[in-house]
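Protein chains in written order, with our numbering: chain C, 8 to 277; chain E, 6 to 957.
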């Protein structure tokens, strides 16, 4: 992590900023007046962090826009190739397409953007084991989601495929970004999803999108007992739609939320 | 709390009009069509028992009559509540009884409304009745001869009917009567115990068929000496659901056969497959016309036209006119703008046409014109009847708005008081004191009292319709007003105190770092979500889904908390300290929240070092696995009993087990569950009660074997099914013994203050006595529910509540949620049909009202009651702080009263909803009963709290 810090410091120092931008922050401005030179350098570092954050937020926003775009694509593209395609009637097809598309887009984006510090050990065998581990984790998450759905009351024998595909799409929304960002490291996952455990913008957005997907899926179960007799009330359509809406909402909300709270957000860089 | 219930009851007492007048046009009544009428009412006779394959197989004579005989057959639709007493009322008065009659079903007062029986008696007819006692209570002194059989001893299904049939020969021979009513209960009893697919049903149907044949042949032989033909009516009061009970509005419960047999009818091949659907209320009007009586005043039914089809046109029109006149009068009384009603317009039109027809008729113009006009008038009348009847049955429901408002105000005031006293009750002394003495408020008190009394007088003198609250005595009404104003003053003073202390609180350190844990968030959201869901009829029908969902989510949140605690703390210690510290900080502001109360967290920090040091090795793995274990248990229980409406027909384990092919499996499962119950219960008991418990559980198995539910271990050859009275009473002795030992221990703990352990043991013994009683009352396939409930309680206590050290409020709410979930796990739902009334007859020879009601209530609410009593034991054994129990009591009262009070308001506002009688009213009854039980539990809590206070 120290290596990364130095590199970003260099980056910021090489591009000098205008003084107005340095003192633009009122809080920092007071400090500048009170503490003089020392805090000027301190505020410079803070500003560097701020600008770093701003660029990161921008990258985050673009990434999320790509993800949303991929979901929209998964709704409209297949109708050109497949006859009688609609989300409700050929729901399983849509589930497959959507989960594959979201997974691929996530992978590509994370490979391109590389928000996390790439590890120094880049031996092939390490990478391969890491990849295999990721695959195993993904499958494990699919199965454990399936088990959780059954525990929640999904039918055990009927509609197995539907339940499993719901598990797959939920894994694509939640587990795949986690694997991309944190790698197969359960402790890091637990840290990110407990309070005050977030250490970067990326993890923060990950937390928001994941939780909102879960909440979406959870809320999606509520319309099932209603007697409206709509086609989308059938298991698991309302839940998958809920998860999708939740994921999309998370994608939209997280950059905005981080942008609004960028001054309050301080991350412990351990 | 008890008061809440009283007002709940008063809330749903719709204004019933006790109008006693007779129809005005008695003098002009046409002569009767039939000389003698026999009504054979078979309780719980479903339409397919007669018209379906069962009817063809077991009721050959009836099938013959329906297909080829001189008869008219219909499917009569019963309106919910499909319970006997309201149905008898509907059959005899033709009106639609309200839901309060379900409660009165147990203790039926005399029927005051105008009805066929009263009219018949007034006309000098001699009526004889044999069968269900309810009739005798409903129509006292109406019968010249009667023999009532009790309807509440469910496990007897041969004697009840023999007691009716034994009079038949004598009565049929005598013939000195005009109306004979027979009410057979056996079929209903078989349905309650064995379900509609039992072989006993077929046997009972054949018996009924032979009874019908006997009556019919006797009537035919009598007919030769009389001028007028006789009428034989075969009907059911309500149907039977797929589980064999009734009360709700499923198709099986609502559809009953109605067969009118008389030689006056034409012999024509009836369409057996598709009898016409009519309303049950139509019978009253038809009977009245058939006997030449005025139609009951409040009847909303229309004449069954096929009955009079054979008569000349003039008489037909006259009958129809009588019926429409009666209906339109009823409409005029009930609807202010009756002239705009389409039915009324049709009625006016057809009366005009009728007049024209009469003119033509008097001119003796017997041409085709007359006939054509006649048929036109007829059709017009029938249409008018249909529309009138329909608009009446939707509009007759009247509400006593004033009484409902009074009830709602009291409930709301109690709730506000509870909500306002949250901070006070939880943070300081945990005492809910009602400030009444303050002089400023006493002025307000008198003012409010006088104003409300004035309002009461004005309302009661001005209102035309009768009102339940006005009909109370002045003393009771005054007491109510006193209560309302006292509560209002208490609220005002509590609010001012809150306002003052709110100023103080705001000076406290900022609450910015106060964030609730996920658990608190879930509890808050779950409570709010559940309360909101009560507004939708589907969510009320499927309330079990809500609770299962919430309980599952609770388990997942708990598991998240556990994992965070056990994995994360290993490598980052400071973070965990920070977390705990934060939990402490959040104590004060969170008190303002209504569910999150964490006062007891203050004294946690000094108790134990760190949760993960307590548990190592195997225990740690148990802790990690415990939420998943609980989830698995819940999933298994969920598939045991399918309840609700939408998925109730799905096959479930319970049905599989109770079917007669799987008796061996059921026996093994029951024995295993009893064993698990023993193992889990015995650890906290004293040696004496351990023995008593073991014997009691053995006795339960013997009882089930004796009444034939499970395989017997020793007496394989003895096939006859007894009532198991001896075995059940044997168990009762042990239940009472264990409860007595528990009480003795509790009393002893008061005398010897030092011994803390005695109290715990005493409480556990009380708890195990209740478990034993529940095990006796539960049906054998439900015994796993009890076993799993104990298992979950043990797991939660050992691995979740103790290590994670939740505070009293959180534990209370978790107990409440699990109690609710177990209420549904045992097969209950929000309609009346699922109440297992056979629990009220365990070990009783005859119907004894008070024990039977108590046992039924306990059997139904066993889940919540057992969880609440576990809560008492847990809190008094675990937490050393004395305020935990009173906190828990307060939280329990609050969490129970929030849904109820919201629901009362919702129901008041939704009173014209389409499903008000079929969905919302039964739920209101359940909530009222639940509130009563909560009040009892809270009283127990307070008693326990008092003992702990006097001790310290």
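For every residue, glycine included, the Cβ atom is placed at its ideal position computed from N, Cα and C.
Query                                                                                                                               : Result
Residue 946/E classed as buried or exposed, judged by whether at least 16 other C-beta atoms fall within 10 angstroms               : buried
CB of residue 188/E within 8 Å of CB of residue 48/E, strictly                                                                      : yes
Outcome for residue 463/E when other beta-carbon atoms lying within 10 angstroms are tallied against a minimum of 16                : exposed
Chain C contacts made by the stretch 863 to 887 of chain E, where a contact means CB separation under 7 Å                           : none
For residue 266/E, three-class secondary structure by DSSP                                                                          : strand
According to DSSP, residues forming a beta bridge with residue 260/E                                                                : 82/E
Residue 89/C CB to nearest heavy atom of the ligand SAH below 7 Å                                                                   : In the structure shown, the ligand SAH is absent, as is every other ligand, since no ligand is present at all.
Cα-Cα separation between residue 5/E and residue 827/E, rounded to whole angstroms                                                  : Look at the range of chain E in this structure, 6 to 957, and you will see that residue 5/E is not part of it.
Presumed contact (8 Å Cβ cut-off) between residue 558/E and residue 496/E, rounded CB distance                                      : Rounded, the Cβ-Cβ distance is 34 Å, inconsistent with contact.
Integer-rounded CB distance, given that residue 221/C should sit under 8 Å from residue 300/C                                       : A question about residue 300/C goes unanswered here, because the residues of chain C that appear run from 8 up to 277.
Cα-Cα separation between residue 831/E and residue 288/E, rounded to whole angstroms                                                : 38 Å
Secondary structure of residue 134/E, DSSP reduced to three states                                                                  : strand
Residue 543/E at chain C interface by Cβ criterion, 8 Å                                                                             : yes
Reference residue 142/E; option with closest CA among 162/E, 171/E, 174/E and 89/E                                                  : 89/E
Beta strand (DSSP E) runs wholly inside the stretch 135 to 189 of chain E, at least 3 long, in chain order                          : 150 to 154 and 184 to 189
Proximal residues to residue 27/E (C-beta, below 8 Å), its chain only, five neighbours per side dropped                             : Residue confidence for residue 27/E is low, a pLDDT of 30 falling below 50, so the modelled location carries little weight and cannot support an answer.
Residue closest to residue 258/C, alpha-carbon to alpha-carbon, out of 226/C, 242/C, 209/C and 239/C                                : 209/C
In chain order, each alpha helix (DSSP H) run of at least 4 residues that lies wholly inside the stretch 308 to 395 of chain E      : 318 to 339 and 347 to 367
Neighbourhood of residue 239/C by C-beta distance below 7 Å, restricted to the same chain and skipping five residues each side      : 95, 245 and 248
Rounded distance between the beta-carbons of residue 773/E and residue 690/E, thought under 8 Å                                     : 6 Å
Min CB distance residue 92/E to chain C below 8 Å                                                                                   : no
Endpoints, the beta strand (DSSP E) within which residue 690/E is located                                                           : That residue, residue 690/E, is in no beta strand (DSSP E); it is neither H nor E in DSSP.
Contact set between residue 233/C and chain E, taken where Cβ atoms lie within less than 8 Å                                        : 541, 543 and 544
Three-state secondary structure assigned by DSSP to residue 864/E                                                                   : helix
Cβ-based neighbour list, residue 848/E, same chain, cut-off 7 Å, excluding 5 preceding and 5 following                              : 730, 733, 734 and 737
Host beta strand (DSSP E) of residue 237/E (start-end)                                                                              : 236 to 241
Simplified DSSP assignment, three categories, for residue 477/E                                                                     : coil
Validate contact between the stretch 239 to 249 of chain E and the stretch 45 to 64 of chain E using beta carbons, cut 8 Å, 3 pairs : yes
Residue 279/E in three-state terms, based on DSSP                                                                                   : coil
Near-chain C residues of the stretch 552 to 575 of chain E - C-beta to any C-beta below 9 Å                                         : 553, 554, 557, 558, 560, 561, 565, 568, 569, 572, 573 and 575
Given 8 Å, three or more beta-carbon pairs between the stretch 200 to 207 of chain C and the stretch 155 to 172 of chain C          : no
Contained alpha helix (DSSP H) runs [length at least 4] in the stretch 280 to 306 of chain E, N- to C-terminal order                : 287 to 295
Contact residues within the stretch 237 to 250 of chain C, judged by C-beta distance below 9 Å to chain E                           : none
Environment of residue 91/C [buried if 16+ CB atoms lie within 10 Å]                                                                : exposed
Strand pairing of residue 77/E, partner residues [DSSP]                                                                             : 265/E
Local conformation of residue 46/E per DSSP, three classes                                                                          : strand
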